[in-house]
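Novice:
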Amino acid sequence: GQQLNQSPQSMFIQEGEDVSMNCTSSSIFNTWLWYKQEPGEGPVLLIALYKAGELTSNGRLTAQFGITRKDSFLNISASIPSDVGIYFCAGKNFGNEKLTFGTGTRLTIIP
Amino acid sequence: GAGVSQSPSNKVTEKGKDVELRCDPISGHTALYWYRQSLGQGLEFLIYFQGNSAPDKSGLPSDRFSAERTGGSVSTLTIQRTQQEDSAVYLCASSPPWGGDYGYTFGSGTRLTVV
Chain S
464 GQQLNQSPQS
474 MFIQEGEDVS
484 MNCTSSSIFN
494 TWLWYKQEPG
504 EGPVLLIALY
514 KAGELTSNGR
524 LTAQFGITRK
534 DSFLNISASI
544 PSDVGIYFCA
554 GKNFGNEKLT
564 FGTGTRLTII
574 P
Chain Z
4 GAGVSQSPSN
14 KVTEKGKDVE
24 LRCDPISGHT
34 ALYWYRQSLG
44 QGLEFLIYFQ
54 GNSAPDKSGL
64 PSDRFSAERT
74 GGSVSTLTIQ
84 RTQQEDSAVY
94 LCASSPPWGG
104 DYGYTFGSGT
114 RLTVV
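One line per chain: the protein sequences are S and Z, in this order.
Quick note: the first sequence uses the working numbering, first residue 464, plus one each step.
Quick note: the second sequence uses the working numbering, first residue 4, plus one each step.
#1: Chain S partners of Z/F52, CB-CB under 8 Å?
#2: Are Z/S111 and Z/Q44 close, meaning C-beta to C-beta below 8 Å?
#3: Taking only runs that begin and end inside the stretch 38–78 of chain Z, name each unbroken beta strand (DSSP E) of 3 or more residues, in chain order.
#4: Less than 7 Å between the CB of Z/G106 and some heavy atom of the ligand HEM, yes or no?
#5: Check whether the stretch 70–88 of chain Z and the stretch 551–558 of chain S touch, using three or more Cβ-Cβ pairs below 8 Å as the test.
#6: Using a cut-off of 7 Å between C-beta atoms, extract the partners of Z/F109 located in chain S.
#7: Going by DSSP, what residues sit across from S/K555 in a beta bridge?
#8: Would Z/Y93 and Z/L63 be called neighbours here (beta carbons separated by less than 8 Å)?
#9: Give the secondary structure of Z/Y122 by DSSP, where H, G and I count as helix, E and B as strand, and everything else as coil.
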């Protein structure tokens, strides 16, 4: 099935650094979602975006819905050890309850 | 319950055997979804139930895969004649009606290993 392309695939950063990851698609979406998955758990929703150009924050996390509707990015400021995990983007269109997921960005924090 | 519950959490089976995976959605959630996550991959849609409507089975990879939802609550995903490529984490999620815009609530998954 179709998947969204996320980059980078993995990141190794030091605690306190800022993180930026993005997600691109060949087709448009009406809703973009960002999830985080920790080992042995299901993904947990972080941020949802509903309008092209929208910029939304949740604590140290900020995400934007690209103006073309074909991309989105997620920033994490001042990373902390508990930010470790795999971050997934997901796209959705009106009238279709299925989510199309990205390939994931694995974040590792070096103490 | 408070969250989406899946059982078993781990399942090891021999190639060719049938397996059943169970999902208990959040009470009151009428929509239920099954996704598959292969090692190091994103999530692949399998099937979607919404209330009493016919399920969307468009993501099931072969006729060895089937799912049912009894009484609009508990769902069972069945894989017949398992193959090694079926090894993956099977994730169930639920949401209120048309809740996809607000994200689903996922369970912790069943890790299936076919040996």
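Ideal placement from N, C-alpha and C gives every residue a C-beta, glycine not left out.
Keep in mind that this is a model prediction, so the values were computed, not measured.
Specialist: Reading it off the structure:
#1: Here the premise fails: no neighbours, minimum Cβ distance about 10 Å.
#2: no
#3: 46–53, 68–72
#4: The ligand content of the structure shown is nil, which means the ligand HEM is not present either.
#5: Output reads no: the stretch 551–558 of chain S does not touch the stretch 70–88 of chain Z.
#6: G505, P506
#7: S/T494
#8: no
#9: Chain Z is shown only over 4 to 118; residue 122 of chain Z falls outside these bounds and no answer can be derived.
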